[in-house]
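One structure below.
Protein chains: 2
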Amino acid sequence: MCSSPTAKRTGRPRSADADRAILAATRAALAEQGWGRLTLGDVAARAGVAKTTLYRRWAGKNELVVDAVAALFEEQLELPDLGSLQADIQGVVLRFAELLNRPETRTALMAVIAEAAHDDALRLRIREAIVDRQKHLVVLGRKRAQQRGEIPPEDGAADSAAGPARDNLIFDVVAGAVVHRVMVSSEPVDEEWAGRLAVLLVVGLAGLHTAQDL
Amino acid sequence: MCSSPTAKRTGRPRSADADRAILAATRAALAEQGWGRLTLGDVAARAGVAKTTLYRRWAGKNELVVDAVAALFEEQLELPDLGSLQADIQGVVLRFAELLNRPETRTALMAVIAEAAHDDALRLRIREAIVDRQKHLVVLGRKRAQQRGEIPPEDGAADSAAGPARDNLIFDVVAGAVVHRVMVSSEPVDEEWAGRLAVLLVVGLAGLHTAQDL
DNA sequence: CCAGTTACGCTACGGCTCGTAGCGAAACTT
DNA sequence: AAGTTTCGCTACGAGCCGTAGCGTAACTGG
């Protein structure tokens, strides 16, 4: 009943500096030791904070790491307007790959996704902190392309579910391809590769609109 | 000098039954407890094997789990010939998704990929045991499509690197999209979604061939 | 049949990390 | 000044890791 967003409660407030220091220390430790050897004791020591303070704010390793990497997604992901749908896709692919190439994110992102496979709360947290933020870029990119006339506008009445379904497909293809290229194939995402992926998508997307009978 | 592949060495041979029991126990424990709570002591107990036996054959959790899930990929992944490239893609996507929906693979695959981000030996092992096996399906699918005339044959002299590059792109897009759909978006890969992905790829692939100037 | 060699099961151990409890001091509200 | 919450610190039991040591089992070559 008494937990409004910015509720000024009684007692000593939590240090915002400590929050920042802990998340930064988590990313640093993650980059050096990876997920497997990351210990909360080490993070606390790096942040200059008692281990108990850490446990007061996060339930465990999973939640802490999600917040630590979510901060990176928040400040680094945006959709540049490069004039055409193809160029926009290429641009956002390169940005996303750059983010994935950081040593902190490389191991952390896959690890938390793995843990989320049998942890519903964690999966929800990832969705809100990371996935929805990315998915929004797809919707934005589609709207821009429709304004430019590169893609036919929504025909509302026809098939009301086709639009969001297409967005979801594009999202999984773009994000999935980049992640797979970087993490599994472990080959570089350069302008050439990003360009080919963009061509594949733009052409294929046009095909999806004409073959709507599926 | 004396280590031929099937070298009959002196001494008591390693039990093949124990190998199978350990890998099966690993998959069972993985399905129940997930990656994070998986302990090698538990695996040994389930397999009816001493913990030391486990350490004599595998260096650690990572290597063991890779072998345990690789066995599933080996016996379950093949490319059905369904008459057209689009149908073939749709078929293999559905098979791959079915494999990813198993509780053992859901968490294990992402976890070992995460660990491989800073473990070169593990990355190589994953590549040989899992990735190359999948990639072979792409090459096979392309050859079939070329024989059917759905895709122009290799023009050898023109751009010798374009063919493999296309294969790699398709591989990352297909595998990445399925993994992302299942693990991140956590939405089902049904015939409808697989069909849309197949259309996107077939149409886009044709576009890649015409716009070879990239 | 008899060494020689290797794998196995079992027990035990030090070492590390986890997550929590308890304490006194600090910071902030009323 | 009193009340409340956080903080740093120390200490602790619990669990798992990975290894060592031992006696036994299985298989090979002389």
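Protein chains in written order, with the UniProt record's numbering: chain A, 1 to 214; chain B, 1 to 214. Even glycine gets a Cβ: it sits at the ideal position worked out from N, Cα and C.
Nonlocal neighbours in the same chain, by C-beta distance under 6 Å from residue i, ignoring five residues either side
i	result
residue 214 (chain B)	Since pLDDT at residue 214 (chain B) reaches only 47, below the 50 mark, its modelled position is unreliable, and the value read off the structure follows with that caveat. There are no such residues.
residue 41 (chain A)	51
residue 44 (chain A)	51, 54
Cutoff 8 Å; reference residue i; Cβ partners in own chain excluding five residues on either side
i	result
residue 65 (chain B)	26, 30, 35, 38, 108, 111, 112
residue 81 (chain A)	88, 144
residue 106 (chain B)	100, 182, 183
residue 5 (chain A)	Since pLDDT at residue 5 (chain A) reaches only 48, below the 50 mark, its modelled position is unreliable, and no value is offered.
Any non-hydrogen atom of the ligand SAH closer than 7 Å to residue i Cβ
i	result
residue 27 (chain B)	Ligands displayed in this structure: none; no statement on the ligand SAH is therefore possible.
Where the alpha helix (DSSP H) through residue i begins and ends
i	result
residue 144 (chain B)	132 to 148
residue 209 (chain B)	191 to 210
residue 106 (chain A)	103 to 116
residue 164 (chain B)	162 to 179
residue 128 (chain B)	Note, residue 128 (chain B): premise wrong, no alpha helix (DSSP H); not H, not E.
residue 151 (chain B)	Premise fails: residue 151 (chain B) is in no alpha helix (DSSP H) and is neither H nor E.
Sub-8 Å separation of residue i and residue j beta-carbons
i	j	result
residue 207 (chain B)	residue 92 (chain A)	no
residue 138 (chain A)	residue 120 (chain A)	no
residue 70 (chain A)	residue 117 (chain A)	no
residue 126 (chain A)	residue 198 (chain A)	no
residue 77 (chain B)	residue 100 (chain B)	no
residue 24 (chain B)	residue 48 (chain B)	no
residue 62 (chain A)	residue 104 (chain A)	no
residue 209 (chain B)	residue 153 (chain B)	no
residue 79 (chain A)	residue 141 (chain A)	yes
residue 180 (chain A)	residue 132 (chain B)	no
residue 174 (chain B)	residue 97 (chain B)	no
residue 85 (chain A)	residue 192 (chain A)	no
residue 123 (chain B)	residue 169 (chain A)	no
residue 83 (chain B)	residue 176 (chain A)	no
Contacting residues, own chain, Cβ-Cβ under 7 Å from residue i (five flanking each side not counted)
i	result
residue 2 (chain B)	Here the model assigns residue 2 (chain B) a pLDDT of 43, short of 50, so the residue's position is not dependable, and the following value carries that caveat. For residue 2 (chain B), where only same-chain residues beyond five positions count, there are no Cβ hits under 7 Å.
residue 28 (chain B)	46
residue 135 (chain B)	171
residue 194 (chain B)	90, 93, 94
Whole beta strand (DSSP E) elements within the stretch 49 to 80 of chain B, 3-residue minimum: none
Closer than 8 Å between beta carbons: that is the criterion. Which residues of the stretch 189 to 207 of chain B meet it against chain A? The residues in question are 192, 193, 195, 196, 197, 199, 200, 201, 202, 203, 204, 205, 206, 207.
Between the stretch 104 to 123 of chain A and chain B, which residues of the former have CB atoms less than 7 Å from a CB of the latter, in chain order? With the criterion set as a beta carbon lying under 7 Å from some beta carbon of chain B, the members of the stretch 104 to 123 of chain A are 106, 107, 110, 111, 113, 114, 115, 117, 118, 123, in sequence order.
Short of 7 Å Cβ to Cβ, which residues in the stretch 31 to 57 of chain B face chain A? 34, 35, 36
Short-range partners of chain B found in the stretch 19 to 30 of chain A, where Cβ spacing is below 8 Å: none
For the stretch 169 to 181 of chain A, which residues have a beta carbon sitting closer than 9 Å to at least one beta carbon of chain B? Hits within the stretch, in order: 169, 170, 171, 172, 173, 174, 175, 176, 177, 178, 179, 180, 181.
Quick one: which residues of the stretch 66 to 98 of chain A get their C-beta closer than 9 Å to a C-beta of chain B? List them in chain order. none
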